[in-house]
Amino acid sequence: MYSEALLIAAPTKAGEEFMKYVSLVGLPFIALTNSKADRLQLEAADVKQIIQVNTWKMGSSSIPDYPIGNVILFEDSLPLCCRYIQLCRSWTSRPIYVITQSVNPRLIYKGLGADYVIYSKNGDVKFLLPSLK
Numbered sequence: 013m014y015s016e017a018l019l020i021a022a023p024t025k026a027g028e029e030f031m032k033y034v035s036l037v038g039l040p041f042i043a044l045t046n047s048k049a050d051r052l053q054l055e056a057a058d059v060k061q062i063i064q065v066n067t068w069k070m071g072s073s074s075i076p077d078y079p080i081g082n083v084i085l086f087e088d089s090l091p092l093c094c095r096y097i098q099l100c101r102s103w104t105s106r107p108i109y110v111i112t113q114s115v116n117p118r119l120i121y122k123g124l125g126a127d128y129v130i131y132s133k134n135g136d137v138k139f140l141l142p143s144l145k
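Residue numbers (the working numbering): 13 to 145.
So this is what it looks like as C-alpha cells:
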C-alpha cells in the first residue's frame, strides 16, 4: 500500500525551486504537467514520478495509480490553474494550495475547489512544508 503522495504542478521558476527544496528535504512527491516539453524538463531535473495530463480534454485523464494527498499548484495561467484544480479535486479530498502572484483569481480558485489560495510575490512557500508532511 502506497502512502499518499504530494502532487506539485510547478510551471514557474518559484515552483521549480520549491520542487527542488522538497526533494532536498526528502519528501516524496509527484510532478504534474500538461506538456511533453515540461515532462522532458522534469525528467532532465531527475524528477522520479511525473503525471502528464491532457488539459484540453477534461475527463480523458485517468486516475493515478497511487493515492494523491496534498496538492500544490503554482499559477502560471488562470485557465491552466483552473483545469488543474478541477482535475486534482477529483483525485483527492486533501487540501489543494494555489500559489499565485495575482490577488484577482482568489474566489475563482476557491469556487473550483482550492482550499488555500496563497498570494506571494516571489513564490517562496517553503513555510508550507511542515503542514504537508
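From the three backbone atoms N, C-alpha and C, an ideal C-beta is built for every residue, glycine too.
DSSP, read as helix, strand or coil, puts glutamine 98 in helix. Judged by their CB atoms, phenylalanine 86 and proline 142 are not nearer to each other than the 8 Å cut-off. Nearest Cα to cysteine 100 within the set Tyr121, Val83 and Val37: Val83. In the DSSP assignment, alanine 126 falls outside any alpha helix (DSSP H) and carries neither an H nor an E.
Beyond the five residues adjoining it in sequence on each side, threonine 45 comes within less than 6 Å, by CB distance, of Arg51 and Gln64 in the same chain, given in chain order.
Membership of valine 83 in the beta strand (DSSP E) is indicated by the continuous run 80 to 86. Secondary structure at alanine 57: coil, using DSSP grouped into helix, strand and coil.
Only residues of its own chain outside the window of five on either side were considered, and among them Glu87, Tyr131, Ser132, Lys133 and Gly135 have a CB closer than 8 Å to the CB of glutamine 113, listed in chain order. Shown here, alanine 22 sits in coil according to DSSP, grouped into three states, outside any helix or strand.
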